[in-house]
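Here is the structure we will look at, set down as structure tokens.
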Amino acid sequence: WILRVLPALIPPLPIEVNLDFRVDLRVGLATSAVALAATMLAGIAPAFTATRADLSSVLKAATPGAATSGRRRGGVRQVLVVAQLAVMFLLVEMAALFGLSLQNAARTDTGFAPGAMAFADLAPGAAGLNRAQAADAYQSLIDRVRALPNVDAAAYARHVPLNSIYGGGAAERVVIPGHVPPPGATAFDIRQNVVSPGFFSTIGTPLIRGRDFSTLDRADSALVTVINETMARKFWEGQEPIGRRLELLGASGTQDPSRQVVIVGIVADGKYNTLRETPPPYMFFPMSQVGSGEMTLIARGRGDERALASALRAEIIALNRNIPSLEILTRSEHFHRALFLERALAGSTIGIGSVSLGLAMVGMYGVMAFAVVRRRREIGIEMALGASRGHVVRSVIGSGARLALTGIAIGGSLGLGAAGLLGNAVYDISPLDPRVFLIAAAITLPLALIASAIPASRASRIDPVQSIRESVS
């Protein structure tokens, strides 16, 4: 059943991912062997202890030696349960940490404009269109989409922001006058994107200075580019970048005066690849000057985003049904994919933490139930001397609480030690955030008390006369 569910958990990706979830006999045999070996190893110590048991102490459990031996064995069990609780608490802390990280990532400002959005990946070359035909098809399609009543803006981009696979864009080798490239390099590697006029207003990226691309930026006009704030600060701090000329190196790495490009605008930094990245220097080029190829149509509008995506699909088919739409995503689906790493970390740690929590509670219950059985005569004597049932319950639950608090303290210390390893794996939260410890403690301690309450309830129902009679019989 689980193997049938797992494929549904894989998010839609722009590349084909084939994972074989069929049951493999070798995996089953290996898993069974590991489980059998673990069971045998866990049983060695109890079996060895049983072979050394004193027969007279076994037949007369009330002897001092038997009591001492029982306390010794009970102490070992308590140590093991505390260790289990400590590891469990560490895992629950990790689950809380990654859960808060996912929550922060989902709430972060992505820089996208509000409203419904849809993204359609297009590949006109696959329909046999040459460059000129593809340019005409792109223009016709965007005119049709902009005319839709529920569309406010539309544009093209080669790389959609927050696409962790392609969103960062390829690197362009750029010669920047007045700046020396890194050792061993002949130019700076600057990531870049190819977009159409109106891209920045469609996606929601503010134009800081200068201008956006326009229809005047043609293939036969001077090459232009728009850069982000990070690039402007890095290379022209306190100066005016607009109007400066850069040179793009060709495939051979040689300088070509015909590939000089003029900076015409500066836009705000954005999230180009992932939510975690620090914005790098970035350049944008107009698709009318550098070619189009495969592009993504971005539409921003009103109303239901699924209806917007369906409208894009209908317009693509109406224009040319031979143009394959590789993928059409809504805004929610696009962001869902962008959060894949955060969701995977949160989901896996929550799952593992839940399993470890269940196992620890079973172990806690077992130790407390065994302790009640071992103390049956003692509890009976206490009750015969006037101890109330409430006193017995509090005593047993108190013992369980001490075990739980010890495990929480050790697990919390382990969490402090592991904090340095998790800093780069979480988003906008410190591994030392006190909420992590409080959430884990709020989950662990009540469940530990519940696991102790069941044996405590049984202890309170012990018949003092019967327990004393059994111990001396």
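Numbering-wise, my numbering puts 455 at position 454 of the sequence shown, and it's gapless, one number per residue.
For each residue, glycine too, the CB sits at the ideal point set by N, CA and C.
Option in the options with minimal Cα separation from residue i
{"i": "R145", "options": "S389, G413, I411, I317", "result": "I317"}
{"i": "V77", "options": "F371, I444, V466", "result": "F371"}
{"i": "S453", "options": "Q467, L423, V393, A419", "result": "V393"}
{"i": "S311", "options": "L298, I324, I329", "result": "I329"}
{"i": "L475", "options": "E295, A117, T445, Q261", "result": "An answer regarding residue 475 cannot be provided, because it is not within the stretch 2 to 474 covered by the chain."}
{"i": "F99", "options": "L433, P447, A460", "result": "L433"}
{"i": "G354", "options": "R174, V93, V80, V24", "result": "V93"}
{"i": "I143", "options": "P198, R375, V373, L249", "result": "P198"}
{"i": "N151", "options": "I451, I264, R277, R301", "result": "R301"}
{"i": "A308", "options": "I177, P178, G116", "result": "G116"}
{"i": "A420", "options": "M95, M384, G29", "result": "M95"}
{"i": "G126", "options": "P325, L448, Y428", "result": "P325"}
{"i": "A133", "options": "G399, G418, L404, G294", "result": "G294"}
{"i": "V466", "options": "L386, L415, A441, A457", "result": "L386"}
{"i": "Q261", "options": "R277, P280, S222, M296", "result": "S222"}
{"i": "F285", "options": "P162, G399, L439", "result": "P162"}
{"i": "G364", "options": "L448, G29, G399, V176", "result": "L448"}
{"i": "A443", "options": "I455, G413, P456", "result": "G413"}
{"i": "V291", "options": "V83, R219, G205, R403", "result": "R219"}
{"i": "A171", "options": "Q193, P178, A36", "result": "Q193"}
{"i": "I191", "options": "A339, P281, A148", "result": "P281"}
{"i": "A345", "options": "E379, A426, G391", "result": "A426"}
{"i": "A106", "options": "G129, L342, A319", "result": "L342"}
{"i": "R108", "options": "S215, R322, H337, L423", "result": "H337"}
{"i": "L249", "options": "L224, Y273, G239, P242", "result": "L224"}
{"i": "E230", "options": "L415, Y283, L276", "result": "Y283"}
{"i": "G367", "options": "A46, L26, V82", "result": "V82"}
{"i": "V195", "options": "T275, M296, G129, A135", "result": "M296"}
{"i": "T350", "options": "Q240, V24, L103", "result": "L103"}
{"i": "A339", "options": "F49, Y273, Y139, A154", "result": "Y273"}
{"i": "T216", "options": "E379, I228, P287, A347", "result": "P287"}
{"i": "Y428", "options": "G399, D110, A119", "result": "D110"}
{"i": "F200", "options": "P183, E238, R147, R246", "result": "R147"}
{"i": "L247", "options": "A31, I177, G271", "result": "I177"}
Under the three-state DSSP convention, the category residue i falls into
{"i": "P465", "result": "helix"}
{"i": "A63", "result": "Only weak support exists for where A63 lies, its pLDDT of 46 falling under 50; the coordinates are left without a value."}
{"i": "D25", "result": "coil"}
{"i": "R159", "result": "coil"}
{"i": "I329", "result": "strand"}
{"i": "N194", "result": "strand"}
{"i": "F200", "result": "helix"}
{"i": "R174", "result": "strand"}
{"i": "F336", "result": "helix"}
{"i": "A114", "result": "coil"}
{"i": "V83", "result": "helix"}
{"i": "V427", "result": "coil"}
{"i": "T52", "result": "helix"}
{"i": "I444", "result": "helix"}
{"i": "T109", "result": "coil"}
{"i": "S293", "result": "coil"}
{"i": "G381", "result": "helix"}
{"i": "L1", "result": "With the chain running from 2 to 474 in the structure shown, residue 1 is simply not present."}
{"i": "I324", "result": "coil"}
{"i": "G387", "result": "coil"}
{"i": "R459", "result": "helix"}
{"i": "P435", "result": "helix"}
Segment limits, alpha helix (DSSP H) that includes residue i
{"i": "G418", "result": "390-423"}
{"i": "G179", "result": "Run containing G179: none; DSSP gives neither H nor E here."}
{"i": "A319", "result": "306-320"}
{"i": "F120", "result": "Per DSSP, F120 belongs to no alpha helix (DSSP H); it is in the beta strand (DSSP E), 117-123."}
{"i": "S141", "result": "132-147"}
{"i": "G126", "result": "Where G126 is concerned, there is no enclosing alpha helix (DSSP H), given that its DSSP letter is neither H nor E."}
{"i": "G185", "result": "Premise fails: G185 is in no alpha helix (DSSP H) and is neither H nor E."}
{"i": "G364", "result": "341-375"}
Endpoints, beta strand (DSSP E) assigned at residue i
{"i": "A300", "result": "296-302"}
Per DSSP, cross-strand counterpart(s) of residue i
{"i": "F286", "result": "V195"}
{"i": "V35", "result": "The partner list for V35 (beta bridge, DSSP) is empty, contrary to what the question assumes."}
{"i": "V152", "result": "G302"}
Threshold first: 4 residues or longer. Then list the alpha helix (DSSP H) segments lying entirely within the segment 202-282, N to C.
Qualifying alpha helix (DSSP H) stretches, in chain order: 230-237.
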